[in-house]
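Everything on this sheet refers to the single structure shown next.
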Amino acid sequence: MEGTMRTPIIAGNWKLNKTISEAVALTTALKALVVDATGVEIIVAPSFTALAAVSDSIAASNIHLAAQDVYSEDSGAFTGEVSAPMLKDVGCDYVIIGHSERRQFFGETNESVNQKTKAALAHDLKPIICVGEQLEEREAGQTEAVIKSHVTGGIAGLSAADLLSCVIAYEPVWAIGTGKTATPAQAQEVHNFIRGLLTKAYSAEVASQICIQYGGSVKPENTAELIAQPDVDGALVGGASLEAESFAQIVQNVQ
Ligand code: 13P
């Protein structure tokens, strides 16, 4: 049962990159390269300004749209924020929540991740909830404690039905943008731990259906061995998603 019922999800987190024309050029090239991809869910996450143009560009394709963040309120006096109804309106199916860069630089907490997750779910957006330990935490033997607080904090109060719409992305902070990928065994160990947390909080049946992506220096060359791990169900890709060829190659390598 393990691994067979979950469709792998490959998502490109473009972070703070790409103007509108660059974004459309990338999806135009990508569409052609992944047109025959089956058995894999493909997602791109441009910055807010490019969402509308990318949404049009991928409209009749097998590529789904995600935003990189969302605010917890639907509307009101919250200058600079973007809400779940707005993301739904522009064509997003997913939204990345709690990326380590947001936790590190923008004050994101487990509580705000939880509120954003609930806002996304209320508007039929699938949250991609990011969790992951920093290097010092791993070295101090705190990996499981950190992951437990990120996971349980992020999904606090969700029904099983809501959880089934969520994706969890395990991104060890020391592996992000460093070229230091977690070994397949390191990734599997944490993914298995996360699935165990979900089993305890919900049930084995529910936990077995949740997609847990790995992120952190995923490249075409290391995708297959990561995805071969029983609890690794996809990848959240940064740098290698900025070029159509390398991202398409990653998609290819999970099939
Ligand atoms: P890199 O693939 O550039 O390491 O980034 C990973 C990431 O943070 C994706 O969200």
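According to my numbering, the sequence shown is numbered sequentially starting from 193. Using N, Cα and C, we set each Cβ at its ideal position, and we do this for glycine too.
Looking at the ligand 13P, does it come within less than 7 Å of residue i, judged from the CB to the closest heavy atom?
i	result
G408	yes
L355	no
N209	no
I368	yes
V443	no
L428	yes
E363	yes
G349	no
G431	yes
N205	yes
H383	no
H291	yes
If you run the structure through DSSP and keep just helix, strand and coil, what is residue i?
i	result
E194	Any reading at E194 is ruled out, since the residue's pLDDT is 45, under 50, leaving its predicted position unreliable.
P153	Residue 153 lies beyond the residue range present for the chain, which begins at 193 and ends at 447; the question has no answer from this structure.
V359	strand
H291	coil
L350	coil
G204	strand
G426	strand
E331	helix
I212	helix
L434	coil
I419	helix
A276	helix
A259	strand
Using the C-alpha atoms, what's the distance from residue j back to residue i?
i	j	result
E397	T391	8 Å
L208	A332	31 Å
L350	S292	22 Å
M193	T199	Here M193 scores only 41 on pLDDT, less than 50, and its place in the model is too uncertain to base an answer on.
S400	G426	14 Å
G195	T271	Unreliable placement is indicated for G195, whose pLDDT of 43 sits below 50; no coordinate value is reported for it.
R387	D423	8 Å
A361	R295	14 Å
N306	A436	33 Å
D354	G204	23 Å
E233	I289	18 Å
A258	V287	5 Å
I442	K411	7 Å
T415	G268	42 Å
T230	Q447	7 Å
Y263	V236	19 Å
A221	F240	20 Å
V382	E336	8 Å
V365	Y406	11 Å
I404	T301	20 Å
L434	L243	15 Å
R330	G324	10 Å
V429	G408	7 Å
K210	P238	8 Å
T370	N445	21 Å
L317	T373	29 Å
A251	I201	18 Å
S438	A217	15 Å
Counting only beta-carbon separations shorter than 8 Å, does residue i have a partner in chain C?
i	result
K411	Among the protein chains of the structure shown there is no chain C, as only one such chain exists.
Continuous beta strand (DSSP E) assignments of at least 3 residues falling wholly in the segment 365 to 416: 403 to 407
Any beta strand (DSSP E) of 3 or more consecutive residues that is wholly inside the segment 224 to 257: 233 to 237
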